[in-house]
Amino acid sequence: MHKFERFIIYPLLIMALFYSLAGHQITTIAEEVIDKLVVREISVVNENGNEVVSIDNSKGGGRVMTFNKDGDLGVGMQTLKTGGNIRILNKEGEQAVAFFSDGKRGLVQTFHKGGTAGTNMLTDEEGGTIATLNKEGDVGTAMSTDSTYRGIWSYYENGSLATSMASAYGIAMIGTYYRNEQEGSFMLTQGKTSEITIDNKEEIRLIDLKITEDGHGSMSIYDKNGGNPVFYGHDKE
């Protein structure tokens with residue numbers, strides 16, 4: 075090997091050895107497990123420098139937020155003094171799903187495009203309730219349960235009650251209603267008896283079917299004014 079070649083080859087070998095050792099050291103450090111990391115805030119950015127994850131603290135507790143590649147908030151999670159919440163947003167930045175808790179109640183909400191609630195589900199110390207709403211915020215259906223009462227309701231588009239089904243204290247009931255919420259038909263079962271009644275819009279009873287206490291069946295039919303009843307059955311009592 076000529077003298078001038080040594081000046082080229084030896085420095086290259088030394089540099090190669092240095093980089094191999096340095097690379098091994100960096101790999102070792104990257105794989106090291108840290109038992110505890112104490113910071114006030116962590117921010118993760120993508121290859122464009124936009125923040126995609128943020129972990130920090132607020133007045134009530136900890137907070138975690140994730141963002142899309144353009145920096146728009148997608149998910150937010152926060153702990154408060156008495157509970158916490160999780161919010162999921164759509165691409166327009168509007169709430170799509172939300173979870174809340176205040177220590178005594180839990181609430182789950184889903185939202186229409188535009189931000190109005192579409193579904194509410196609430197659980198508290200008494201029981202649970204589920205309500206569905208249209209995009210204008212009017213309740214369409216509702217279901218509720220507590221220690222003594224269970225019920226399902228549906229509503230007309232104007233918000234008035236349309237149907238109801240409920241049970242409480244050993245009584246089961248189903249009702250249908252006119253748009254003015256005047257009862258149209260009603261079915262009730264209690265103990266050994268059952269009864270179905272049909273009324274007109276003027277609250278006048280037109281038909282009454284029932285099972286009597288002694289087990290007989292009966293039916294009474296009235297004219298449009300509620301008079302002149304015609305009775306079919308074994309016992310009028």
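Going by the working numbering, the first residue of the sequence shown is number 75, and it counts up by one from there. All residues carry an ideal CB built from backbone N, CA and C; glycine is no exception.
Unbroken beta strand (DSSP E) run spanning residue i, endpoints
i, result
"Ser-234", "Ser-234 -> no beta strand (DSSP E), and no H or E assigned at all."
"Gly-158", "158-163"
"Lys-284", "279-285"
"Tyr-223", "223-229"
"Ile-108", "Unbroken run through Ile-108: none, as it is neither H nor E."
"Ser-268", "267-273"
"Thr-250", "245-251"
"Asn-194", "191-197"
"Ser-175", "169-175"
"Glu-125", "125-131"
Same chain, Cβ closer than 6 Å to residue i, five either side skipped, listed in chain order
i, result
"Asp-144", "none"
"Thr-193", "Thr-184, Thr-206"
"Ser-218", "Thr-203, Gly-225"
"Val-213", "Ala-205, Leu-207, Tyr-229"
"Tyr-223", "Ala-242"
Where residue i sits in the DSSP three-state scheme
i, result
"Asp-146", "coil"
"Glu-210", "coil"
"Leu-262", "strand"
"Leu-154", "coil"
"Glu-116", "In the sequence as presented, Glu is not what sits at residue 116; that position holds Ile. Strand, per DSSP."
"Val-182", "strand"
"Arg-137", "strand"
"Thr-215", "strand"
"Ser-372", "Past the edges of the chain, shown from 75 to 311, lies residue 372, and the structure says nothing about it."
"Asp-288", "coil"
"His-98", "Here the model assigns His-98 a pLDDT of 49, short of 50, so the residue's position is not dependable, and the following value carries that caveat. In this structure, His-98 counts as helix in the three-state DSSP scheme."
"Asp-297", "coil"
"Glu-354", "The structure shown does not extend to residue 354, since the chain spans only 75 to 311, so no value can be given for it."
"Glu-311", "A caution first: Glu-311 carries a pLDDT of 46, below 50, which makes its placement in the model unreliable, though a value can still be read off. In the structure shown, Glu-311 sits in coil (DSSP, three-state: anything other than H, G, I, E or B)."
"Gly-201", "coil"
Supposed contact pair residue j and residue i - C-beta distance, whole angstroms, cut 8 Å
i, j, result
"Gly-249", "Ser-238", "5 Å"
"Met-247", "Ala-236", "So it is not a contact: roughly 15 Å between Cβ atoms."
"Gly-177", "Gly-201", "No, Gly-177 and Gly-201 are not in contact; Cβ-Cβ is about 17 Å, not under 8 Å."
"Thr-267", "Glu-287", "6 Å"
"Leu-283", "Tyr-296", "With 8 Å as the limit, Leu-283 and Tyr-296 do not qualify as a contact, their Cβ atoms being about 12 Å apart."
"Val-113", "Val-126", "Contact doesn't hold; Cβ gap of about 17 Å is too wide."
"Gly-167", "Ala-191", "Rounded, the Cβ-Cβ distance is 17 Å, inconsistent with contact."
"Met-139", "Gly-123", "That pair is no contact at about 17 Å."
Close-in-space but distant-in-sequence residues of the same chain around residue i (CB under 8 Å, 5 per side omitted)
i, result
"Gly-134", "Gln-152, Thr-153, Leu-154, Lys-155"
"Asn-164", "Ala-170, Lys-187"
"Asn-120", "Val-126, Lys-143"
"Gly-265", "Gly-244"
7 Å CB neighbourhood of residue i in its chain, flanking five on each side removed
i, result
"Glu-277", "Gln-256"
"Gly-189", "Glu-168, Gln-169"
Interface flag, residue i vs chain D, CB-CB below 7 Å
i, result
"Asp-282", "The structure shown contains no chain D; it holds only a single protein chain."
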